[in-house]
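Taking it in order: structure first as structure tokens, then the write-up.
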Amino acid sequence: MKNINAQKSKKEMDMIHGKLLGKLIIFVIPVMLSGILQLLFNAADVVVVGRFAGDESLAAVGSTGALINLLTNLFIGLSVGVNVVVAHFYGSNNRSRIPAAVHTGIMVAVICGLFMTLIGVLFADDLLILMSTPADVLGLATIYLRIYFLGMPAMMVYNFGAAILRASGDTKRPLYFLTAAGVVNVGLNLLFVIVFQMGVEGVGWATVISQYMSAAMIMICLIWEKEELHFSVKLLKIDKQILLRIIKIGLPAGLQGTVFSLSNVVIQSSVNSFGKLVVAGNAAASNLEGFVYIAMNSFHQTAITFVGQNYGAGDRKRVLKVTILCMTMVTIVGLVLGNLMVVFGRPLLEIYSQSRLVVDYGYVRLQYICTIYCLCGMMDTMVGALRGVGYSIAPMIVSILGACGLRLVYIATIFSLIHTQECLYLSYPISWFVTLCVHILIFTIVYRKKLPARMILVK
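Counting in my numbering, the sequence shown runs from 32 upward without gaps.
If you want it as structure tokens, here you go:
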């Protein structure tokens with residue numbers, strides 16, 4: 032028993048006592064590396080298909096990204112609810128309820144994954160047509176999308192399992208699992224596309240196989256756990272009370288992500304109107320841009336967990352301190368990485384395509400979005416802090432109206448008058464800034480007027 036407790040204490044992190052900065056850094060680095068590795072492996076898909084299957088295949092894979100995010104964000108958002116619920120149980124030392132949260136979360140993940148597979152396989156062609164996907168890449172894009180969605184159950188299980196481990200402070204093991212699965216993904220990409228000449232089909236199957244591998248590893252990890260995080264098929268059921276808490280926090284987060292993705296689908300449709308070379312350049316730039324975003328989004332995940340545990344512990348001042356530190360760090364990371372991406376943008380884009388026009392079109396996106404990408408990270412971090420204290424509906428409404436609504440109005444008005452890439456991409460930083468300001472205002476109101484009445488302050 033002593034060995035188990037000792038091992039457990041090393042995996043968990045005490046987020047409610049002691050100095051914060053060092054713990055935040057220790058927590059955020061594996062989360063950041065996990066996201067960056069995941070994007071590296073996804074980038075391998077795009078690079079391999081672009082270099083060895085051609086620009087048409089590159090455009091086919093790239094044109095599905097916004098649609099995939101639209102269809103998956105709603106359910107992946109529920110994993111945020113699992114993270115917050117488990118974090119609250121840890122912070123309040125109510126560990127007897129954690130097993131029910133673990134099994135409810137995994138059950139929800141499986142159900143959501145199967146539902147997404149059904150939707151993706153049956154309606155891939157129709158959804159891509161609605162997005163105005165160019166006719167010359169529609170066939171390949173449909174094949175890739177249908178294969179990709181066969182991996183949805185595994186994707187959901189991994190994300191929910193990783194959320195459970197992160198809530199306890201364990202960010203390292205999800206990183207290890209993702210790394211192993213990603214290496215397999217890259218190897219299978221090279222094998223299927225270069226050796227077997229499978230094109231987009233090869234990239235799709237490599238992704239699906241690696242997703243099931245990562246899901247299997249995270250489930251084995253939970254099965255091997257000895258105490259409250261232990262998973263057993265015999266205990267697999269849905270706790271209605273916990274499910275309602277997960278939905279209360281996670282559903283608004285998922286709806287927010289879905290509406291964001293909807294606006295991105297509209298933007299992708301606008302990009303598609305410029306032709307396949309612009310679509311290919313946009314796909315490559317978006318892939319590079321993702322590395323900056325995922326680094327900043329790790330602070331969103333960190334804010335959720337640290338704020339969640341300290342909210343559960345009733346420490347109001349520590350909630351504010353976590354929020355300020357996360358906002359400071361995400362601003363620095365966003366400015367540095369975003370501008371480095373612009374400086375080295377052209378040679379990086381050349382990794383994806385040898386076409387000069389594709390590189391030129393992709394670089395336009397990097398210039399207009401990455402320079403001040405820190406605004407996006409700051410916006411997401413404020414959302415994470417609000418979710419950590421259980422407020423998920425307010426940031427959802429603000430994001431829908433401020434970011435998505437404003438973006439769609441911009442496209443329908445200004446972009447329709449000035450039909451250029453540059454004008455289209457400006458919709459991102461404008462919407463980020465407006466939404467960030469409103470989120471800060473809401474957090475200030477919640478902190479001053481709502482938290483004191485709901486918390487037992489720690490002396």
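Using N, Cα and C, we set each Cβ at its ideal position, and we do this for glycine too. Predicted, not measured: the structure shown is a model, and the values here were computed from it.
Confirm, please, whether the CB-CB distance from residue j to residue i is below 8 Å.
i: Ala-246; j: Val-302; result: no
i: Pro-165; j: Lys-307; result: yes
i: Gly-281; j: Asn-104; result: no
i: Ile-471; j: Met-413; result: yes
i: Ile-99; j: Tyr-179; result: yes
i: Ser-384; j: Leu-89; result: yes
i: Tyr-441; j: Ser-458; result: yes
i: Phe-491; j: Ala-434; result: Since the displayed the chain opens at 32 and closes at 490, residue 491 lies outside it and no answer follows.
i: Val-323; j: Cys-401; result: yes
i: Glu-43; j: Asp-201; result: yes
i: Glu-497; j: Ile-129; result: This structure cannot settle anything about residue 497, because the visible part of the chain is limited to 32 through 490.
i: Phe-191; j: Ser-263; result: no
i: Ala-75; j: Asn-220; result: yes
i: Ala-185; j: Gln-272; result: no
i: Gly-112; j: Ile-251; result: no
i: Val-465; j: Leu-439; result: no
i: Val-290; j: Phe-72; result: no
i: Phe-446; j: Leu-432; result: no
i: Asp-391; j: His-331; result: no
i: Cys-357; j: Leu-64; result: no
Using 8 Å as the limit for Cβ to Cβ distance, is residue i near chain C?
i: Met-138; result: The displayed structure is made up of one protein chain only, and chain C is not part of it.
For residue i, which residues of its own chain have a beta-carbon under 7 Å away from its beta-carbon, when the five flanking residues on both sides are left out?
i: Leu-351; result: Tyr-478
i: Leu-488; result: Low confidence applies to Leu-488: its pLDDT is 40, below 50, so where it sits in the model is not reliable, and the reading given next is rough at best. The residues are Gly-345, Arg-347.
i: Tyr-121; result: Ala-198, Ser-199, Gln-340, Gly-343
i: Ala-311; result: Asp-86, Leu-89, Ala-90, Gly-93, Ser-384, Val-389
i: Val-296; result: Ala-97, Leu-98, Leu-101, Met-162
i: Phe-106; result: Cys-143, Met-147, Met-187, Gly-285
i: Leu-196; result: Arg-204, Pro-205
i: Leu-368; result: Val-323, Ala-326
i: Leu-145; result: Pro-184
i: Gly-49; result: none
i: Asp-45; result: none
i: Asp-154; result: For the record, residue 154 in the displayed sequence is Phe; it is not Asp. Cβ neighbours of Phe-154 beyond the five flanking positions: none.
Taking residue i and residue j to be in contact with their CB atoms under 8 Å, please state how far apart those CB atoms are, rounded to whole angstroms.
i: Leu-253; j: His-261; result: 7 Å
i: Leu-158; j: Val-239; result: Not really, about 19 Å apart at Cβ, beyond 8 Å.
i: Val-15; j: Ser-329; result: Residue 15 lies beyond the stretch modelled for the chain, which goes from 32 to 490, so this question has no answer here.
i: Leu-267; j: Ile-137; result: 7 Å
i: Thr-336; j: Asn-114; result: 6 Å
i: Thr-333; j: Phe-58; result: 5 Å
i: Leu-52; j: Val-353; result: The pair is not a contact, with the Cβ atoms about 10 Å apart (cut-off 8 Å).
i: Thr-95; j: Leu-169; result: So it is not a contact: roughly 11 Å between Cβ atoms.
Cutting at 6 Å between CB atoms, please list the residues of its own chain near residue i, excluding the five before and the five after it.
i: Gly-365; result: Met-327, Tyr-404, Cys-405, Gly-408
i: Ile-160; result: none
i: Asp-156; result: Thr-173
i: Leu-388; result: Leu-308
i: Gly-108; result: Gly-281, Ala-284, Gly-285, Gly-288
i: Ile-269; result: Thr-135, Met-138
i: Lys-490; result: Its pLDDT being 34, under 50, Lys-490 is placed unreliably by the model, and nothing is read from it.
i: Ile-249; result: Tyr-189, Gly-192, Phe-208
i: Gly-393; result: Gly-312, Ala-315, Ala-316, Leu-380
i: Arg-126; result: Glu-259
i: Gly-376; result: Tyr-394, Leu-397
i: Ile-298; result: none
CB-CB under 8 Å to residue i, same chain, minus the five flanking residues each way: which ones, in chain order?
i: Lys-480; result: none
i: Ala-425; result: Leu-417, Ile-473, Val-477
i: Arg-349; result: Ile-47, Leu-51, Asn-341, Val-489
i: Trp-236; result: Ile-178, Leu-219, Phe-223, Met-229
i: Thr-362; result: Cys-405, Gly-408, Met-409
i: Leu-467; result: Leu-406, Met-409, Met-410, Met-413
Segment contact flag, the stretch 314 to 323 with the stretch 392 to 404, C-beta cutoff 8 Å, min 3 pairs: yes
contact_flag[the stretch 142 to 156, the stretch 363 to 380] where n(CB pairs < 8 Å) is 3 or more: no
Inter-stretch contact (C-beta, 8 Å, three-pair minimum) for the stretch 204 to 221 and the stretch 64 to 74: yes
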